[in-house]
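What follows is a set of notes on a single structure, which appears directly below.
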Amino acid sequence: MLAGVFEKVGNLNLQEKEIPVLKSDLDVKIKVEAASICGTDIHILADPPGHPATPGIVQGHEYVGKVVEIGKGVSNVSIGDRVIVDPTTTCGTCYYCQVGRQNLCKNASTIGIFLDGGWASYSVIPSKNIYKISKKIAPETAVLAEPLSCVINGSEKVNVQPGDSVVIIGAGPMGQLFTQVLKAAGAAKIICVDFSDYRLKYSKLSGATHIVNPQSQDVEKVVKELTEVGADVVIDCVGSLFNQCMNLVCHGGQILLVGMNEHALPKIKQYDLARNEVTVKGTFIQNNDFPKVVKILESNLLNLDDLITHKIPLSKIHEGIETMRKGEAIKIIVYPG
0 MLAGVFEKVG NLNLQEKEIP VLKSDLDVKI KVEAASICGT DIHILADPPG
50 HPATPGIVQG HEYVGKVVEI GKGVSNVSIG DRVIVDPTTT CGTCYYCQVG
100 RQNLCKNAST IGIFLDGGWA SYSVIPSKNI YKISKKIAPE TAVLAEPLSC
150 VINGSEKVNV QPGDSVVIIG AGPMGQLFTQ VLKAAGAAKI ICVDFSDYRL
200 KYSKLSGATH IVNPQSQDVE KVVKELTEVG ADVVIDCVGS LFNQCMNLVC
250 HGGQILLVGM NEHALPKIKQ YDLARNEVTV KGTFIQNNDF PKVVKILESN
300 LLNLDDLITH KIPLSKIHEG IETMRKGEAI KIIVYPG
């Protein structure tokens, strides 16, 4: 089968690989229907890399497929079921797993980053990492389950209330999903900020009430004009703009840090956090949110179809990666074939 293999820093190679086999009675084999390119994939393939990965693995951690084989101990799915994939494997025994914070597992790994993932026709993964989803949901929509699970986890931390004002910095896929979820939660004003007019156009489709391009507008001035005192919640989907968030949030407001960039070192004035009673929360992947995501996807609560801007076969994965690097796509769907 053709597979997209992360070979070394900055290098993804398309190569033929053997179809994987079950290694455990609790494994399942799925035929991948659709996968996608995530911003993390772009960071992995950067030079220097913005995210680590294991050389030699099949990349791709956002994917959906049909179960074609199950181990003798598998009971949660049957052959023929359509399933979405939680790419995070956890140990179940460390302190964080035992207190219900599996997303912080000390022994976690990630399918498609450190273990073979979904940029291939077939994938073998632990049965505990898959969830059934209706076959009525298009695979192109179901593939958004993983990023949506991360957004649900973050959204619950800030608990946006009807009437709240929100600033979302970064209008990529995560910013778009936050916009849609918080719109559904009742946010009255959603101000999306990005340097790309292309992405901001999609923010309007996702439900943003206002869009701001810092190249032509003063973000802080616009936010203060619209909210008078600053936003109730500011979300950084970029991963390097904590200091700017501080200028946009109201006293007593919340900042949610979503994007991750270990090279970013913004200066923060701790005095302002204390004096203005600003609550800062980090959010990392998801924590038992996939069952909720299945319900959201099956209810058609969100308008996810508009976020799918490109569809390509796996053979053109390099073109898709370059399109993402240029910021000329929101979500690219990849078909392994």
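When we follow numbering that gives the first Met the number 0, the leftmost residue of the sequence shown carries the number 0, and every step to the right adds one. Every residue, glycine too, gets a C-beta built ideally from N, C-alpha and C. This structure is a prediction, so every number in the text was calculated from the model and none was measured.
| Item | Value |
| --- | --- |
| Please list the segments of the alpha helix (DSSP H) lying wholly inside the segment 112-173, counting only runs of 4 or more residues, in order along the chain. | 138-141 and 144-157 |
| With the cut-off set at 8 Å, would you say residue 43 and residue 124 are in Cβ contact? | no |
| So residue 159 and residue 35 are in contact, right, with Cβ under 8 Å, and what is the actual spacing, rounded? | Going by Cβ atoms, the distance from residue 159 to residue 35 rounds to 26 Å, so no, they are not a contact pair. |
| In this structure, how does DSSP classify residue 298 when only helix, strand and coil are distinguished? | helix |
| Taking buried to mean at least 16 other C-beta atoms within 10 Å of its own C-beta, is residue 22 buried or exposed? | exposed |
| Start and end of the alpha helix (DSSP H) containing residue 241? | 241-247 |
| Can you tell me whether residue 18 is buried or exposed, with buried defined as 16 or more other CB within 10 angstroms of its CB? | exposed |
| Between residue 154 and residue 187, is the Cβ-Cβ spacing less than 8 Å? | no |
| Take residue 208 and list the residues in its own chain whose beta-carbon comes closer than 6 Å to its own, dropping the five residues that flank it on each side. | 188 and 189 |
| Is it right to say residue 14 is buried, meaning 16 or more other beta carbons lie within 10 angstroms of its own, or is it exposed? | exposed |
| Quick one: using the 10 Å Cβ neighbour count with 16 as the cut-off for buried, is residue 298 buried or exposed? | exposed |
| Given a threshold of 16 other Cβ atoms within 10 Å of its Cβ, counted over all protein chains shown, does residue 74 qualify as buried or as exposed? | exposed |
| Measure the alpha-carbon distance for residue 302 versus residue 205 and round it to whole angstroms. | 7 Å |
| Which one of 242, 85 and 72 has the shortest CA to CA distance from residue 267? | 242 |
| Identify, in the order they occur along the chain, each residue of the same chain with its Cβ nearer than 6 Å to the Cβ of residue 149, setting aside the five sequence neighbours on each side. | 284 and 285 |
| Let me confirm a value: residue 269 is counted as buried when at least 16 other C-beta atoms fall within 10 Å, else exposed. Which label applies? | exposed |
| Using 8 Å as the threshold, is the C-beta distance between residue 152 and residue 85 below it? | no |
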